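Working notes, structure below.
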Amino acid sequence: MSTQPVESTEPGESPEPGVITAAQVAHLASLARIDLTDDEIASLTPELQQIVDAVALVSSVATPDVPATSHPMPLTNVFRDDVPVPSLTVEQALAGAPARDGDKFRVPAILDED
Amino acid sequence: MTDLTRISAAELSGLLADGSVSSVEATRVHLERIAAVDGDVHAFLHVAAETALATAADVDRRRAAGDRLGPLAGVPVAIKDVLVTADMPTTAGSKILEGWMPPYDATVVRKLRESDLVPLGKTNMDEFAMGSSTEHSAYGPTHNPWDLERIPGGSGGGSAAAVAAFEAPLALGSDTGGSIRQPAAVTGSVGFKPTYGGVSRYGAIAMASSLDQVGPVARTVMDTALLHDVIAGHDQMDATSLATDWPSMAAAATAGLADGALKGVRVGVIQELAGNADGFQAGVKQRFDETLALLSAAGAEVIGVSCPNFEYSIAAYYLIHPAEASSNLARFDSVRFGLRENPADGPITSERVMSATRGAGFGPEVKRRIILGTYALSAGYYDAYYGSAQKVRTLIQRDFQAAFEKVDVLVSPSAPTTAFKIGEKIDDLLAMYINDITTIPANLAGVPGLGLPMGLAPEDGLPTGLQLMAPAMQDARLYTLGAAIEQLLEASWGHTLISQAPELRTGNTRSAEGNN
């Protein structure tokens, strides 16, 4: 899965590391594509601060000599035989779509017109 | 006549095999039980009564025709709503997936069907499995059958409550940070988190991919083992699936019933989780100490071991888990499945529709964790948070390795407290997160963990749970020792723990959807 660093938090950059501001929460929410109300931002800001303060504990033992572990049971070169297997039909794949156009997913405009 | 809802799956399968009970009868009594008590318990989000009866009739017909059937053929089972089912709606406890009918079955669901178990329905859970109390379900909380005002644990509170309320003998759960073992503890039931990769996650709606594991839930260690045997094994649809030939867990559990099964077994008591720390309830500590004394008397060698880095496990978990969840939940984009919500004003673009949909469809805990995960993965913070958490994971694995050089099995309480009241901790994030202190290390290291009843806490009369952990791949060892300890504890009580659960009010008709 993709857990590489995402875009920088600019322009909601924190005034100092580890301090969560409302502007930063709003920016993170926009990166995460979640509309938040002003009330949600107001409650999330101190909540995230509380969690970030608690989890910052990890850096106290994460010294440079300790290697990172991404997966508990490391497997490499996971292959299967290259044989065709049944996959979803078009109808199955589209069955849960909020909107469709023939055999395709129908989506709103990708680009903003302004 | 025997109440078929009260007996174990093993006993029920015996009655089914010798023809003294039909699967239709067994299924019907469980559906009647659900109808009678689930209005109060709310373990189920969906009950598939007609399909279940048709499945049961088919099993009966094939049994009568002399077909060779598996050991659990005809036995009813409940399925956590995080697992996709082609014939039942799957929501993962979220409004964003309300009414979604998946186009395929999860591998574990397929295996249930191939072994002729009878799916009864889908069980409630914290939204996308984020929570320790099932209070974060978008469809209302599940209530603990021991005390309806209390939580059944989470995220798999629905599966645990279903078996504890005798609505199903078996259930499937998933365990990312304790979501099988902690609900088992607070409902007096049994649950097993397999070795990471031991059970396929294909069709399990992903939350934190390096932690998630599907596992069995039941009322006895043997039943849990029987269900484990049905779902375990390699699956090429899951790239993390281990190509291992697993031994029979049921045979391992049977071995634990032999005299002297605990003799000479080196049992390591994790000092950091032994119940002395803040947040551990006195009655939990008392039952844990009494259990250790029983183990010693049975010939086990009880040894204290230290796992000093477990102290950092919650902090690491609440970075790794949100980081991975924020990535996994990006799939809820309002295009391929689930809710689509247009913004209240302004242009209708894909990006704005996606944001409006996620704003409307996700609950508060999911939003909190996605935004936390987005923060932890941000450039500039990545090394300090996500990177450091991955290093802590290495340290925790090393603690396990060092401990398992000295002992065969590690033990702790499965949960620091008994079930708390619904609403009691919902506004205290850190108090909620600390519930998982005993269970998270196993997920971070990928090792198997078994939770089983350890007695009722004297101060509140509510269930406590014992957790056993073994090295990775040694799942069978836990079934042997778990069955032995269960037998020892039940002999000391003179009964099973679940038999002490209060009778639930019956006759209140269950509504189709949660309306608590």
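Chains as they are written, first to last, in our numbering: chain A, 2 to 115; chain B, 574 to 1089.
Virtual Cβ for every residue (Gly too), placed ideally from N, Cα, C.
Predicted model, so just to flag it, every value in this text is computed and none were measured.
message = Between the segment 691 to 699 of chain B and the segment 644 to 664 of chain B, can you find at least three pairs of beta-carbon atoms closer than 8 angstroms?
response = yes
task = Determine the burial state of B/Gly788: buried for a count of at least 16 other Cβ atoms within 10 Å of its Cβ, exposed for fewer.
result = buried
query = By a C-beta neighbour count over all protein chains shown, 10 Å radius and 16 as the cutoff for buried, is A/Pro47 buried or exposed?
reply = exposed
inquiry  = According to DSSP, is B/Gln809 part of a helix, a strand, or is it coil?
reply    = coil
inquiry  = Please report the straight-line C-alpha distance between B/Asn901 and B/Asp678, rounded to a whole angstrom.
reply    = 19 angstroms
key: A/Pro99 versus B/Phe910 - alpha carbon distance   = 6 angstroms
key: Under the three-state DSSP convention, the category B/Ala866 falls into   = helix
task = Pick out the complete alpha helix (DSSP H) segments inside the segment 871 to 953 of chain B, 4 residues or longer, and give them in chain order.
result = 886 to 901, 923 to 934 and 937 to 949
query = How long is the line joining the alpha carbons of B/Gln970 and A/Phe106, rounded to whole angstroms?
reply = 44 angstroms
Under 9 angstroms from the C-beta of A/Pro87: neighbouring residues of chain B = What A/Pro87 touches in chain B: nothing, since even the nearest Cβ is about 10 angstroms away.
Supposed close pair B/Tyr1052, B/Gly829 - CB separation, criterion 8 angstroms = 7 angstroms
query = Using DSSP with H/G/I as helix, E/B as strand and the rest coil, what is B/Lys858?
reply = helix
inquiry  = Within 8 angstroms of any Cβ in chain B, is that where the Cβ of A/Gln50 sits?
reply    = no
key: Helix, strand or coil at B/Arg966 according to DSSP, with G and I counted as helix   = helix
Candidates B/Ala805, B/Glu938 and B/Leu1061: closest to B/Ala873 by CA position = B/Leu1061
ask   = Taking the alpha carbon of B/Ser961 as the point to measure from, which residue in B/Leu1023, B/Glu924, B/Ala929 and B/Tyr890 has its own alpha carbon closest?
value = B/Tyr890
request  = Taking B/Ser586 as part of the alpha helix (DSSP H), name the residues at either end of that continuous run.
outcome  = Ala582 to Ala590
ask   = Comparing the C-beta of B/Ser907 with each C-beta of chain A, is any distance below 8 angstroms?
value = yes
key: Straight-line Cα distance separating A/Leu95 from B/Glu1032   = 55 angstroms
ask   = Hey, would you say B/Gly764 sits closer than 8 angstroms to B/Gly746, going by beta carbons?
value = yes
ask   = Out of curiosity, what's the CA-to-CA distance linking A/Ser9 and B/Tyr948?
value = Summary for A/Ser9: the model assigns pLDDT 49, below 50, so the residue's position carries little reliability, and this model does not support an answer.
ask   = Roughly how many angstroms separate the alpha carbons of A/Asp83 and A/Ala63, rounded to a whole number?
value = 41 angstroms
Under 9 angstroms (Cβ pairs) to chain B, residues found in the segment 89 to 102 of chain A = Leu89, Thr90, Glu92, Gln93, Ala94, Leu95, Ala96, Gly97, Ala98, Pro99 and Ala100
key: Rounded separation between B/Ala847 and A/Ser31 - CA only   = 43 angstroms
query = From B/Leu950 to B/Ala896, what distance separates their C-alpha atoms?
reply = 6 angstroms
message = Check this for me: beta carbons of A/Asp113 and B/Pro920, under 8 angstroms apart or not?
response = yes
task = Measuring alpha carbon to alpha carbon, tell me which of B/Thr793, B/Asp808, B/Ala738 and B/Thr864 ends up nearest B/Lys684.
result = B/Asp808
ask   = What whole-angstrom Cβ distance do B/Pro767 and B/Pro1026 have, given they're in contact under 8 angstroms?
value = Not quite, the Cβ-Cβ distance comes to about 20 angstroms (not below 8 angstroms), so this is no contact.
query = What does a CB cutoff of less than 7 angstroms around A/Val53 pick up in its chain, not counting 5 residues either side in sequence?
reply = Gly19 and Ile21
request  = Might you give, ordered along the chain, the residues of its own chain that have their beta carbon closer than 8 angstroms to the beta carbon of B/Ala583, omitting 5 neighbours on each side?
outcome  = Thr793, Met795, Asp796 and Leu799
request  = For B/Phe853, collect the residues of the same chain with a Cβ closer than 6 angstroms to its Cβ; drop the 5 residues on either side in sequence, then sort them by chain order.
outcome  = Pro989
request  = Give a yes or no on whether the minimum CB-CB distance between A/Ala23 and chain B is below 8 angstroms.
outcome  = no
request  = Starting from B/Ala733, follow the beta strand (DSSP E) in both directions and report where the run begins and ends.
outcome  = Premise fails: B/Ala733 lies in the alpha helix (DSSP H), Gly730 to Ala737, not in any beta strand (DSSP E).
key: Residues sharing a beta bridge with B/His801, DSSP   = According to DSSP, B/His801 bridges with nothing at all.
request  = Work out the CA separation of B/Ser752 and B/Glu549 for me, nearest whole Å.
outcome  = Because residue 549 of chain B is not part of the residues shown, which for chain B are 574 to 1089, the question remains open.
key: Partners in chain B for A/Asp104, counting only beta-carbon separations shorter than 9 angstroms   = Ordered by position in chain B, no residue passes the 9 angstroms Cβ test against A/Asp104, which lies about 14 angstroms from the chain.
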